[in-house]
Amino acid sequence: MTCCCLPSCMRACGKKDPIIQQAWREKIALCMLIALTSALVAFFTFGMRLVLCPESVESPNHFFLSTKGDGDAKAWKDGVIINGYEYPFGETQSALKSRANVDLTSDYVSQDISRLFAIQDVDNACADVGYSRTECGVNAIFSGSPGLQTRDRSCVDTSVLDGLSRKKIVYSWENVYNNVKAPYVLSVYNGLVINTGYYYGTDKAWLDANHPEAAWTLYNSIGRDATRGFYATSDSKKVAQCLSNVYTVGYVDKDTVACFVQEIIQDVMLFVVFAVVLIRFCGALLFSWIISRTLAKNTHKSKVVGGAPVAPARAALGGGLARTLTQGRGLVNVRNEDLYSILLVTAYSEGRDGLRATLESLAMGDYDDARKLLFVVCDGLITGSGEAKPTPDIGMNGGFAGSSNDTLAGGRFELAEPKSYIAIADGARQHNMARVYAGYYITEDGKHRVPMVVVNKCGTPAEASLPKPGNRGKRDSQLLLMNFLSRVMFDDRMTALDYELFRQIHRITGVTPDRYETLLMVDADTEVKPYSLTAMNNAMNNDPAIMGLCGETRIKNKFASWVTAIQVFEYKVSHDNGKAFESVFGGVTCLPGCFSMYRIKSRKPDETGSGRRHWVPILVNPDIVDEYSENVVDTLHKKNLLLLGEDRFLTTLMLRNFPKRKMVYVPQARCHTVVPDKFSVLLSQRRRWINSTIHNLLELVLVRDLCGIFCFSMQSVILLDLIGTIVLPAALALTIYLVISIIMTAAVQILPLTMLVVVLGLPGLLIVLSGRDLNYVPWLFVYLLALPVWNFVLPLYAFWHFDDFSWGATRKVDGVSAADDTHESRPGREGFAFKEVELRKWSDWERDRRKSR
55 MTCCCLPSCM
65 RACGKKDPII
75 QQAWREKIAL
85 CMLIALTSAL
95 VAFFTFGMRL
105 VLCPESVESP
115 NHFFLSTKGD
125 GDAKAWKDGV
135 IINGYEYPFG
145 ETQSALKSRA
155 NVDLTSDYVS
165 QDISRLFAIQ
175 DVDNACADVG
185 YSRTECGVNA
195 IFSGSPGLQT
205 RDRSCVDTSV
215 LDGLSRKKIV
225 YSWENVYNNV
235 KAPYVLSVYN
245 GLVINTGYYY
255 GTDKAWLDAN
265 HPEAAWTLYN
275 SIGRDATRGF
285 YATSDSKKVA
295 QCLSNVYTVG
305 YVDKDTVACF
315 VQEIIQDVML
325 FVVFAVVLIR
335 FCGALLFSWI
345 ISRTLAKNTH
355 KSKVVGGAPV
365 APARAALGGG
375 LARTLTQGRG
385 LVNVRNEDLY
395 SILLVTAYSE
405 GRDGLRATLE
415 SLAMGDYDDA
425 RKLLFVVCDG
435 LITGSGEAKP
445 TPDIGMNGGF
455 AGSSNDTLAG
465 GRFELAEPKS
475 YIAIADGARQ
485 HNMARVYAGY
495 YITEDGKHRV
505 PMVVVNKCGT
515 PAEASLPKPG
525 NRGKRDSQLL
535 LMNFLSRVMF
545 DDRMTALDYE
555 LFRQIHRITG
565 VTPDRYETLL
575 MVDADTEVKP
585 YSLTAMNNAM
595 NNDPAIMGLC
605 GETRIKNKFA
615 SWVTAIQVFE
625 YKVSHDNGKA
635 FESVFGGVTC
645 LPGCFSMYRI
655 KSRKPDETGS
665 GRRHWVPILV
675 NPDIVDEYSE
685 NVVDTLHKKN
695 LLLLGEDRFL
705 TTLMLRNFPK
715 RKMVYVPQAR
725 CHTVVPDKFS
735 VLLSQRRRWI
745 NSTIHNLLEL
755 VLVRDLCGIF
765 CFSMQSVILL
775 DLIGTIVLPA
785 ALALTIYLVI
795 SIIMTAAVQI
805 LPLTMLVVVL
815 GLPGLLIVLS
825 GRDLNYVPWL
835 FVYLLALPVW
845 NFVLPLYAFW
855 HFDDFSWGAT
865 RKVDGVSAAD
875 DTHESRPGRE
885 GFAFKEVELR
895 KWSDWERDRR
905 KSR
C-alpha cells in the first residue's frame, strides 16, 4: 500500500531509521484499512440506497390522490402528468411552445395531459384490437377557458419531451382502492395504474361493441388489480395492453428487486446491531441480578490441621526443593481454605503518597496477613516529575511503615547486593541487575504485619551513567516474578535473582514460593478496598475453572477537572456493561493491569487416590511465559501488543492457551485510581489503550475455541467489537448526518433513531435496573456531552499515532523526554552473552550458600 513512498523520500522527511520507516508504512496501511472499513459502513448505511435504488431522473415520485372518493380532489404537484411520468411544468411549457406551438397555461399544473400526445402503440396492441385516435387534445379545466390542443387538433409526438427531466409517478394501493369515480377511475394492469375516466367518457361504446368480454373485465376491476382477468384470453390481454398504452397515469408503489435487496440488507444489519446491543444488555443484567451475587460468596468452612507440617506443592517436574525446605519443620498450620496470594505492585515514577496509599490499602485488607505477600518491583532508578527522590528510595524509606529512613519494619538494612537476571530487552540490555529487600509492612494503625519483598531494578554497572538505569518496562517487572514462579514450579534452573527471591520469601513467610496459587497485579497509584482480595480469592476457590479475574476500577479524582468528569461514566459502563456481559460466558477480553488477579497454577483432581497434590500451570505455563517474554519486537503489531498493551496481551495469551477456562469480572472487588486530569495526558493514555485494543482484538478474533458457534459466539462478538472500535469516528459522523437530515427534511427515520436511542440509553437503564450506584445516572449526561471526544477525537488521534510507542505524558520522568520514554529504541543492542547471567538449579545455589557459611 505504501510502495510509492520510496525510502529516499522518507529519509528526506526525517525518517532515517529503517525500523521507523517500516512502522510508518504499517501505520499508513492500517489507516487505509480503517478508512476502507469506515467507507463500507457509510456505504451500507446511506450509499447503498443511492446505488441500488437511486432517485435519478427515472426515480418514483409519490402522487397521492384523494382517499375520500371525491373525484374532484387531487394532490397538488408542481408539474404535469404525461403517460405515467411527472414532468416539470416550466420545462414542459417551454418545450411545447417552441417545438409544437402549444400554449400550456397554469390551469394545467398537476393535470394529466397525456391525451395531447400520440398513442405510444409500440407493440401494435391498439392496432390489433382496432382502436385509433386521430385527434388529440385536453378538455378545458374551467368553463370559458381554452382547451389544450394544437390548431388542427393533431397529436403531438412525444419526441418533443426528449431531454426533459421526469420522475416516475407511483400510487399507493390505498389510492387505487379509493379513486373509483370520474375523473379518476383507477385500475391496475401489470403494475401500471390506468385511469379509465376518459374511457367511460369517450371510448366505452367502442369497447362494449367490439370486445364485450374485456369491457366486462374492466368494469369489474375498478379499484383493483385487473391483470388476472385480462390474462384469461388473448383478446382481453391485447385490449388491456392497448388500454395501458392509452390511459396509463402511473405505476403501483412497489420496490424494485434492487430496492428490495437494499432494504433487506439494511434491515439485517440493523437487526444484528440491535440484537447484539440487546443481548449484551440482557447478559449484563443477568450477571448483575444473579451471577455476580454468588460469584464471590464464601462457601468454604474453616478447618484446622493442628501442628501438621505443610505438604509441599508438587510441581509437574521436580519438587525436590520444596521437600527439602519443609520436611519435618511444621512451618505452617493450615487453618482455612484461603489461597496463598502474591500482591504484585509495579512502580515506575510514582511519588511517596501514591505508593504508600497503595501498600496501605493492600495491607489493611481483611484477608489473612499470613496468606498474602506484598511484592513491589521498582522499575529502574527513576525520579518522578516533582519528586525529590527516585522511586526505589521512596519504596525503601516510606514503603515499610513503622520504620525510619532506611529501616525495614524496625530493623536497619544495608544496601543489598545486586543480583543478575535475564530481562526483556534488546542486546546487552537483556542483562539486568536488581537488589532484593525483604521484611514486613506494618500498617499505620499497627494492626497488620504483612510479609513484603521489594525488588529494585538498578541495572548493570555499564548503564549507571545512562538515563533510567535498570528500567526495562512493566512487562519485564511482571515477567521477573512470572519467570521466578515458573522456575520454582518446574524446579528449573534459576538466576541469582531468582534464588535470592526464593530465599528471602521463605525466610519472611515460612513457606516456599510454590505454595502461592494466585497473583494480584496492582499499579502503584491504585487503592484497593479492604474486602477486595477476599472476594477475588473466594471466586477463585468457588470455581477452579477461573484462571483470571478483575474487579471494578473507580475514579478517585472525579471532580478534579472536566477531563476527569467525562471519564466517570465511561469507567462505570465499561465494567457493568462490557465486562459483565463477557463474564456470563467466562471470556473477559481485557483484565486491566491496575487491578487484576491470575491463577498461578490449578489443582488437578486426584484421580489415583494417592492423596498427593498435582498441579496444572496456568499463568506460569511455559507457552504463556515464553510468548510474553518475546524480545524481538520488530513489527508495529508486536510493538502495540508488547510495548503499549502488555496487560491486555497477557489476557489474550491466557484466553488463547486456555479457551475452556474462564476470565471473569468480580464487582464485589473494587479499587480507586487517579485518572488523567489534563487533556494532553488523556490523549496519551487513550492512544495507548485504543491502539493496543485494536491489535489484541485482531489476535483474539483468530481464536476459534472460544465459547459459542458461528454468529452466536464470543469470536463473533469480538469481531463486532473490533469493527465497532475502528469505525467509531465514522459512526459519529453518520449519526450527526442522520440527525441533521431529519431536522432539515422533517422525514423521521424510525429504525435508525430507535437504534440511536437504544445504544445511548441502555447503559443508563442498566444502572437503574440493577438497583446499584444510581448516583452514576447524572454522569451519563456528562458522558453523552463528551461523545465527540470519545468517538471522534481520541480514536483519530490514536490511529494517526499507531507508530508512537512512547508512554508520552502519562508518567513524566525528570530528565527524560517523552520521545525517549520507550523501550523500543534504547542503546545497548550490541549483543548479549548468556554466560553473563548464571543459571543453576536451586539445589546447586543452596549447596554453595551453605558451603560459604
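One point on numbering: in the working numbering, the residue at position 90 of the sequence shown is 144, and numbering is uninterrupted. Virtual Cβ for every residue (Gly too), placed ideally from N, Cα, C. The model shown is predicted, which means the values in this text are computed figures rather than measured ones.
Alpha helix (DSSP H) segment containing residue i, residue limits
i, result
"alanine 263", "258–264"
"isoleucine 821", "804–824"
"histidine 560", "550–563"
"cysteine 180", "179–183"
"tryptophan 854", "848–854"
"serine 637", "634–638"
"valine 230", "227–232"
"tryptophan 343", "Run containing tryptophan 343: none; DSSP gives neither H nor E here."
"isoleucine 478", "No alpha helix (DSSP H) holds isoleucine 478; DSSP gives it neither H nor E."
"histidine 749", "733–754"
"proline 676", "676–682"
C-beta atoms of residue i and residue j nearer than 7 angstroms
i, j, result
"threonine 727", "threonine 580", "yes"
"valine 847", "valine 95", "no"
"proline 806", "leucine 816", "no"
"isoleucine 678", "lysine 655", "no"
"glutamate 189", "arginine 207", "yes"
"aspartate 530", "isoleucine 600", "no"
"leucine 106", "alanine 312", "yes"
"alanine 723", "serine 586", "yes"
"valine 306", "isoleucine 135", "no"
"glutamate 571", "tyrosine 394", "yes"
"threonine 588", "cysteine 725", "no"
"isoleucine 496", "glutamine 484", "no"
"leucine 774", "valine 331", "no"
Per DSSP, the bridge partner or partners of residue i
i, result
"cysteine 725", "Val582, Thr607"
"isoleucine 135", "Glu140, Asp166"
"glutamine 279", "Looking at the sequence itself, residue 279 is aspartate, so the reference to glutamine does not match. Paired residue(s): Val242."
"valine 247", "Val242, Gly304"
"threonine 287", "DSSP, once it has assigned bridges, lists no residue as partnering threonine 287."
"arginine 653", "Thr572"
"phenylalanine 429", "Leu398, Val507"
"isoleucine 600", "Lys716"
"aspartate 577", "Thr400"
"tyrosine 495", "Val504"
"valine 210", "Phe171"
"leucine 202", "Val192"
From the options, residue whose alpha carbon lies closest to that of residue i
i, options, result
"leucine 645", "Ala550, Thr747, Ser683, Val674", "Thr747"
"alanine 83", "Gly408, Ser586, His855, Trp833", "His855"
"arginine 187", "Tyr301, Tyr494, Asn745", "Tyr301"
"valine 542", "Ser897, Ile195, Thr212", "Ser897"
"lysine 291", "Leu158, Asn178, Ser615, Gly191", "Asn178"
"proline 567", "Gly602, Glu624, Leu839, Pro505", "Pro505"
"threonine 563", "Val576, Lys426, Tyr285, Ala93", "Lys426"
"alanine 785", "Arg901, Met575, Asp166, Phe97", "Phe97"
"tyrosine 225", "Arg103, Ser219, Lys235, Leu246", "Leu246"
"leucine 697", "Asp499, Gly527, Gln147", "Gly527"
"aspartate 175", "Val192, Thr212, Leu150, Asn193", "Thr212"
"leucine 839", "Ala154, Ile620, Arg220", "Ile620"
"glutamate 684", "Tyr253, Asn537, Thr808", "Asn537"
"glycine 428", "Asp499, Leu349, Leu574", "In the sequence on display, residue 428 carries leucine and not glycine. Comparing Cα-Cα distances from leucine 428 to each of Asp499, Leu349, Leu574, the minimum goes to Leu574."
Residue i: first and last residue of the uninterrupted beta strand (DSSP E) it sits in
i, result
"arginine 503", "503–511"
"threonine 514", "Where threonine 514 is concerned, there is no enclosing beta strand (DSSP E), given that its DSSP letter is neither H nor E."
"methionine 536", "That residue, methionine 536, is in no beta strand (DSSP E); its alpha helix (DSSP H) goes 528–544."
heavy atom of the ligand SAH below 6 angstroms from residue i C-beta
i, result
"glycine 481", "Only the bare structure without any ligand can be found here, which leaves the ligand SAH out of the picture."
If we count Cβ pairs, one from each stretch, closer than 8 angstroms, do we get three or more for the region 506–525 versus the region 418–425? no
Do the region 305–322 and the region 180–200 make contact, defined as three or more Cβ pairs closer than 8 angstroms? no
Report task. Could you tell me whether the region 723–737 touches the region 608–616, using the rule of 3 or more Cβ pairs below 8 angstroms? Result -> yes
Item to complete: Specify whether the region 258–278 and the region 320–339 touch according to this definition: at least 3 beta carbon pairs, one from each stretch, less than 8 angstroms apart.
Response: no
Next on the checklist: Is it the case that the region 732–747 contacts the region 689–703, given that we only count it when at least three CB pairs across the two stretches are under 8 angstroms?
Outcome noted: yes
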